[in-house]
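Trainee: Residue numbers (numbering that gives the first Met the number 0), protein chains in the order written: chain A, 0 to 266; chain B, 0 to 79.
Here a beta-carbon is modelled for each residue, glycine too, at the ideal position from N, C-alpha and C.
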Amino acid sequence: MDDYKGKTLSWRLSDGVVELALDRPPANEIGLAMLEDLEAFASSLPTLELNASALILYSRQKAGFSAGADLRELFEQAQKLDASSAAIGVRAFLERIHAVLNRLDTSPLTTIAAVQGVCFGGGFELALVCDLIIADKMARFCFPELRLGLIPGFGGIPRLKRDIGNAVVRDLLLTGRSINATKALSAGLVSQVAAEREALRLARATAAQTTKFDQTTAAAAKRFIKPLPAEELRREIDIFCELFTRPTVMEGLRKFVENAGPHPYLP
Amino acid sequence: MKTLEQTTDEILNLAATHFKFPRAELQPADDFYKKLGIDSLQALELLTRLENHFGVELPDYEVQGISDFHTLAERIQARL
Chain A
0 MDDYKGKTLS WRLSDGVVEL ALDRPPANEI GLAMLEDLEA FASSLPTLEL
50 NASALILYSR QKAGFSAGAD LRELFEQAQK LDASSAAIGV RAFLERIHAV
100 LNRLDTSPLT TIAAVQGVCF GGGFELALVC DLIIADKMAR FCFPELRLGL
150 IPGFGGIPRL KRDIGNAVVR DLLLTGRSIN ATKALSAGLV SQVAAEREAL
200 RLARATAAQT TKFDQTTAAA AKRFIKPLPA EELRREIDIF CELFTRPTVM
250 EGLRKFVENA GPHPYLP
Chain B
0 MKTLEQTTDE ILNLAATHFK FPRAELQPAD DFYKKLGIDS LQALELLTRL
50 ENHFGVELPD YEVQGISDFH TLAERIQARL
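Rendered as structure tokens:
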């Protein structure tokens, strides 16, 4: 399908560029509904790739690119199950999301994440599958998972390690702090910083550039320079699932979900 | 180098402009969450604007537990 509108996102192919718009209020939290829509997109990719050179991921939500995994849904689902069943359910979800993100990661298209606002946790991991991140100056990047007694589970650590220096990876992971676009640019995470609300415009200009190139050559170059860290990605799922069964995680999720104050996204 | 009073004043000006709040009604001791009616995502937005304005990095764990403009100004001042 060249055009599609799902519950949480939509996509269209035009002039050799696919644009995937995330659109789940309030902040594109990634739960089952978005996973299903992303799976539908991944299924359509082989056809889209025949007629495109680039893919742009962006958000229609003002809050930002994505605030990450739907922690409320995760908590509610886990609450209904015993620890063992919850762990099985979490692993099944992770394997599905990994399959989708791996497919996006290895697409022959030049992939660009146009980021504004929050790009946290699973949302950050979605941006990291892309070849380029173009962020506006209000973007913030964060791996807050340690606050919940977890590590990133959607492939963030292997992909971040692939892209930037280990010291910055340790800083982000072990402090759980968020960094702005300027810092992300200096760390090599972001390739361009745009004025406020201009990231998509810059992403479109960059995507248009890619349409000038021979796609077989571009795809070969991408395969050569961007290996999929498959073994580390599988290991990350194992570590996440080992950590998930601990009571401290459910307590962390409960605190986040029950936080009626203004502070849930701060450490 | 800016004084703490200058830094505080700039923060209040920036907050008033961005959140469309009357500048004259903002005081250094105000709780910015309650006064501006903002949540944590908006607080992060304010943090980003302050970082961009002052050219500093302010880890969000330094903002933890802070809710007044004056203390926020002290955190920024320590990085100028």
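Look at the alpha carbon of Gln76/A and the alpha carbon of Leu145/A, and state the distance between them as a whole number of angstroms.
Mentor: Mapped onto the first sequence, residue 76/A falls at position 77. Mapped onto the first sequence, residue 145/A falls at position 146. Going by the C-alpha atoms only, they are around 21 angstroms apart.
Trainee: Using the Cβ count rule (16 or more neighbours within 10 Å means buried), how would you classify Arg176/A?
Mentor: Numbered from 1 along the first sequence, position 177 holds the residue referred to as residue 176/A. Its Cβ being crowded by 16 or more others within 10 Å, Arg176/A is buried.
Trainee: At the 7 angstroms Cβ level, is Asn332/A part of the contact set with chain B, yes or no?
Mentor: The question about residue 332/A has no answer, for chain A in this structure spans 0 to 266.
Trainee: Kindly indicate if chain B contains any beta-carbon less than 7 angstroms away from that of Arg176/A.
Mentor: As a first step, residue 176/A must be located in the first sequence, where it is residue number 177. Judged by the 7 angstroms Cβ criterion, Arg176/A is in contact with chain B.
Trainee: Measure the Cβ-Cβ separation of Ala82/A and Thr244/A and say whether it is below 7 angstroms.
Mentor: By 1-based counting over the first sequence, the position of residue 82/A is 83. By 1-based counting over the first sequence, the position of residue 244/A is 245. Yes.
Trainee: Let me make sure I understand the geometry here. Which of Thr46/A, Ser52/A, Ala39/A and Ala41/A has the alpha-carbon closest to that of Phe212/A?
Mentor: Indexing the first sequence from 1 puts residue 212/A at position 213. The residue with the shortest Cα to Cα distance from Phe212/A is Ser52/A.
Trainee: How would you write the range of the beta strand (DSSP E) that Asn179/A sits in, first residue to last?
Mentor: Position 180 of the first sequence, counted from the start, is the residue given in the question as residue 179/A. Ser177 to Asn179 is the span of the beta strand (DSSP E), which, as asked, contains Asn179/A.
Trainee: For the beta strand (DSSP E) containing Leu21/A, name the first residue and the last one.
Mentor: If you number the first sequence from 1, residue 21/A lands on position 22. It spans Val16 to Leu21 - the beta strand (DSSP E) in which Leu21/A sits, taken as one unbroken run.
Trainee: Ile37/B by DSSP, collapsed to three states: which one?
Mentor: The count along the second sequence starts at 1 and reaches residue 37/B at position 38. Correct three-state label for Ile37/B: coil.
Trainee: Measure how close the beta-carbons of Glu50/B and Asn179/A come, nearest whole angstrom, since I'm counting them as under 8 angstroms.
Mentor: In the second sequence, counting from the first residue as 1, residue 50/B sits at position 51. In the first sequence, counting from the first residue as 1, residue 179/A sits at position 180. 5 angstroms between Cβ atoms; contact.
Trainee: Could you list which residues in chain B have their beta carbon closer than 9 angstroms to that of Arg139/A, in chain order?
Mentor: Translated into positions along the first sequence, residue 139/A becomes position 140. Per Cβ cutoff of 9 angstroms: Leu43, Glu44, Leu46, Thr47 and Asp59.
Trainee: Which same chain residues, not among the five before or five after Arg161/A, have their C-beta less than 7 angstroms away from its C-beta?
Mentor: By 1-based counting over the first sequence, the position of residue 161/A is 162. Same-chain partners within the cutoff: Pro228.
Trainee: What number of angstroms, rounded off, separates the C-alpha of Phe68/B from the C-alpha of Asp30/B?
Mentor: If you number the second sequence from 1, residue 68/B lands on position 69. If you number the second sequence from 1, residue 30/B lands on position 31. Cα to Cα, Phe68/B sits roughly 7 angstroms from Asp30/B.
Trainee: Using only the alpha-carbon positions, how far apart do Pro266/A and Gly67/A sit?
Mentor: Against the first sequence, residue 266/A aligns to sequence position 267. Against the first sequence, residue 67/A aligns to sequence position 68. Reliability of the predicted coordinates at Pro266/A is poor, the pLDDT of 49 falling under 50, and the value obtained from them is presented with this limitation in mind. Distance between the alpha carbons of Pro266/A and Gly67/A is about 15 angstroms.
Trainee: Which residues in chain B sit within 8 angstroms of Val117/A, going by Cβ to Cβ distance?
Mentor: Your numbering for residue 117/A matches position 118 in the first sequence. Per Cβ cutoff of 8 angstroms: Leu40 and Leu43.
Trainee: Entirely within the stretch 171 to 216 of chain A and at least 4 residues each: give me those alpha helix (DSSP H) ranges in chain order.
Mentor: Taking only runs of at least 4 residues, the alpha helix (DSSP H) segments lying wholly in the stretch 171 to 216 of chain A are 180 to 185 and 198 to 209.
Trainee: Have a look at Leu199/A, Thr247/A, Thr205/A and Arg139/A and flag the residue whose alpha-carbon is nearest the alpha-carbon of Leu184/A.
Mentor: For the purposes of this step, residue 184/A is identified with residue 185 of the first sequence, where counting begins at 1. Of the candidates Leu199/A, Thr247/A, Thr205/A and Arg139/A, the one whose C-alpha sits nearest the C-alpha of Leu184/A is Arg139/A.
Trainee: Would you call the CB atoms of Ile55/A and Ala206/A closer than 7 angstroms?
Mentor: As a first step, residue 55/A must be located in the first sequence, where it is residue number 56. As a first step, residue 206/A must be located in the first sequence, where it is residue number 207. Their beta carbons are under 7 angstroms apart, which means Ile55/A touches Ala206/A by this criterion.
Trainee: Can you pull the chain B neighbours of Ala62/A, defined as C-beta to C-beta under 8 angstroms?
Mentor: For this step, residue 62/A is matched to residue 63 along the first sequence. Neighbours of Ala62/A on chain B, chain order: Leu40.
Trainee: For Gly64/B, which three-state DSSP category applies?
Mentor: As a first step, residue 64/B is located in the second sequence; it is residue number 65 there, counting from the start. Coil at Gly64/B, not helix or strand.
Trainee: What does Thr109/A pair with, by DSSP beta-bridge criteria?
Mentor: Counting from one through the first sequence, the residue named residue 109/A turns up at place 110. Note: Thr109/A sits in a beta bridge opposite Ala53/A.
Trainee: Checking contacts by CB at 7 angstroms: is Glu56/B closer than that to chain A?
Mentor: The sequence position of residue 56/B within the second sequence is 57, counting from 1. At least one chain A Cβ lies under 7 angstroms of Glu56/B.
Trainee: Tell me whether Ala72/B is buried or exposed, calling it buried when 16 or more other Cβ atoms sit within 10 Å of its Cβ.
Mentor: Sequence index remark: in the second sequence, residue 72/B carries index 73 (1-based). Flag for Ala72/B reads buried.
Trainee: On the DSSP bridge list, what partners appear for Val114/A?
Mentor: The residue labelled residue 114/A in the question sits at position 115 within the first sequence. According to DSSP, which records beta bridges pairwise, Val114/A is partnered with Ala134/A.
Trainee: Please list the terminal residues of the continuous beta strand (DSSP E) segment that includes Lys6/A.
Mentor: By 1-based counting over the first sequence, the position of residue 6/A is 7. Lys6/A -> no beta strand (DSSP E), and no H or E assigned at all.
Trainee: Establish whether the CB of Glu50/B and some CB of chain A are separated by less than 7 angstroms.
Mentor: For the purposes of this step, residue 50/B is identified with residue 51 of the second sequence, where counting begins at 1. Judged by the 7 angstroms Cβ criterion, Glu50/B is in contact with chain A.
Trainee: Taking Cβ positions only, does Lys160/A come closer than 7 angstroms to chain B?
Mentor: Within the first sequence, the letter at position 161 stands for residue 160/A. Taking Cβ atoms only, chain B never reaches closer than 7 angstroms to Lys160/A, which makes this a no.
Trainee: Give me the Cα-Cα distance between Gly88/A and Ile150/A, rounded to the nearest whole angstrom.
Mentor: As a first step, residue 88/A is located in the first sequence; it is residue number 89 there, counting from the start. As a first step, residue 150/A is located in the first sequence; it is residue number 151 there, counting from the start. Going from the Cα of Gly88/A to the Cα of Ile150/A covers about 17 angstroms.
Trainee: So which of Tyr32/B, Glu44/B and Glu9/B has the shortest CA-CA distance to Cys118/A?
Mentor: Reading the first sequence from its first residue, position 119 is the one you call residue 118/A. With distances taken between Cα atoms, Cys118/A lies closest to Glu44/B.
Trainee: Tell me which residues share the same chain as Glu231/A and place their Cβ nearer than 6 angstroms to its Cβ, disregarding the 5 neighbours each side in the sequence.
Mentor: Against the first sequence, residue 231/A aligns to sequence position 232. Only Pro157 meet the Cβ criterion.
Trainee: How close, in whole Å, do the beta carbons of Val114/A and Ile132/A come, if the pair is a contact with beta carbons under 8 angstroms?
Mentor: Counted from its first residue, the first sequence places residue 114/A at position 115. Counted from its first residue, the first sequence places residue 132/A at position 133. Contact flag correct, Cβ pair sits at about 6 angstroms.
Trainee: Taking just the CA atoms, how far does Glu72/A sit from Arg253/A?
Mentor: Here residue 253/A refers to the residue found at position 254 when the first sequence is read from its first residue. Here residue 72/A refers to the residue found at position 73 when the first sequence is read from its first residue. Distance between the alpha carbons of Arg253/A and Glu72/A: 11 angstroms.
Trainee: Taking beta-carbon pairs under 9 angstroms, can you tell me which members of the stretch 216 to 227 of chain A lie near chain B?
Mentor: Going along the stretch 216 to 227 of chain A in chain order, one finds no residue with a Cβ nearer than 9 angstroms to chain B.
Trainee: Using only alpha-carbon positions, find the residue among Arg11/A, Phe74/A and Glu18/A that is nearest to Cys129/A.
Mentor: As a position in the first sequence, residue 129/A is number 130, starting the count at 1. The candidate whose alpha carbon is nearest that of Cys129/A is Glu18/A.
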